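Taking the numbering used here, I'd label the letters of the sequence shown as residues 25 to 303.
Just so it is clear, CB atoms sit at the ideal spot from N, CA and C, and this is done for glycine as well.
Since we're looking at a predicted model, the values are computed, not measured.
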Amino acid sequence: MRMLSICLLCTVLFMGSTDPDSTLTDLEKYYLKGNVKSLMEIRYSKGEGADSNARGKVIYQKYTTFDENGFEMKTVLYKDGGPFLTSTYVFGGDEQQVEMNQYHRDGTLNVNVKFTYDAKGFRTRADYHWAESRQNGDFYGNTDYYYEILNNDIYDKVVYKNEYRGYCLEEHYLRPDSTLSFKFVSKYDFRGNKLESAYLHGSGRLSWMTKNKYDRYDNMIESRVYKSNRIAVLTQYTYEFDAVGNWLVRKENREVYVNILTAGLEQGDMVTERTIDYY
């Protein structure tokens, strides 16, 4: 009887792990708590000396709206103080995002993207249809090495490999001839926190690697960025939270190891501020 109970429990756990209804929402992927309606995020460098609490240069700014199911409806990337690229999502009958249209600030189309999913509801592919006046906003400003990513050959297809919970393990960015332009490989802990993210060239050569540490509340407290297996940036994080448990201010105490491999990286400390609205 005891063995039967154990077998039944294992069956229930397995069924739960493959239930299509357990598809990760965008809120879960961004580690946001509660029923978030919109998020404005601004990352900027800190001033120096007497102005250490003042804002410096804005590094990254993005506004996102979510539907009541926790999926992105619209995003706006900002540059030079104004909207840069605006993305809107189209949903299918199963309430999945099936298409994304991204527009320049003048309203002309930048790219149309169509998404494919597997039987579990996990995204497995994205097909990009770029306009002639294309600008790549997928990585703009949100990593220390985004400028290197943007120097790759343009891709028109992304293929995703997911683990059993829906977290993405590999992202393959393919050229129009289906050869690999570049890829990302990630690892997660049992709570879904991203422990490692590796950026590799199409040749398979490792270029950048990021390793993260978290506290018991799943807040990232340290990251180490490596270039060609040498440490480039060590960052420690502190936070201020709202009543729901989402952080509103994240301060980055950065140490950049200055050498020829880190030329062009932001040297100073940074702060990210969030404004969150709820349903």
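Runs of the beta strand (DSSP E) lying entirely within the region 81 to 148, each at least 3 residues long, are 96 to 103, 106 to 115, 121 to 128, 133 to 141 in chain order.
Using a Cβ-Cβ distance cut-off of 8 Å, the region 196 to 208 and the region 169 to 176 are in contact, since at least three pairs of beta carbons, one from each stretch, lie closer than that value. Counting only unbroken stretches of 3 or more residues, the beta strand (DSSP E) elements lying wholly within the region 184 to 252 are 192 to 198, 204 to 212, 218 to 225, 230 to 238, 244 to 251, in sequence order.
In this structure, A256 is the residue among D180, A256, K235, N59 with its C-alpha nearest to the C-alpha of N283. By the CB criterion at 8 Å, V60 and F90 fall inside the cutoff. Short of 8 Å from the beta carbon of G58, and not among the five residues preceding or following it, lie these beta carbons of its own chain, in chain order: V268, G269, N270, Y302.
N93 is the residue among Y87, N93, E65, S69 whose C-alpha sits nearest the C-alpha of L51. Inter-residue distance for D142 and Q120 is about 12 Å (C-alpha atoms, whole angstroms).
Taking the C-beta atoms as reference points, E123 is found nearer than 8 Å to V137. With respect to the 8 Å criterion, W232 and K251 are classified as neighbours on the basis of their beta carbons. For I173, the enclosing alpha helix (DSSP H) starts and ends at 170 to 173.
Among the bridge pairs identified by DSSP, K275 is matched with T262, V295. Apart from sequence neighbours up to five positions away, the residues of its chain that approach G116 with a beta-carbon distance below 6 Å are V122, ordered along the chain.
Taking all protein chains in view, the Cβ of K70 is crowded by 16 or more other Cβ atoms within 10 Å, so the residue is classified as buried. Residue pairing from DSSP places S62 in a beta bridge opposite T89, D301. With distances taken between CA atoms, T88 lies nearest to L109 out of L289, L109, R79, V82. For K57, no alpha helix (DSSP H) run applies, since DSSP gives it neither H nor E. From the listed residues D130, K144, Y197, the smallest Cα separation to D162 is found for Y197.
The Cβ atoms of E276 and T299 lie no closer than 8 Å to each other. Using a 10 angstroms sphere on the CB of V182, the tally of other CB atoms reaches 16 or more, which defines it as buried. Excluding residues up to 5 positions away in sequence, G106, P107, F108 lie with their Cβ nearer than 7 Å to the Cβ of R129 in the same chain. Under DSSP, D151 shares a beta bridge with K138, K181. Rounded to whole angstroms, the Cβ separation of L48 and R189 is 7 Å, and the two are in contact under 8 Å.
Nearest in C-alpha terms to F146, of all of K53, A287, Y263, Y261, is K53.
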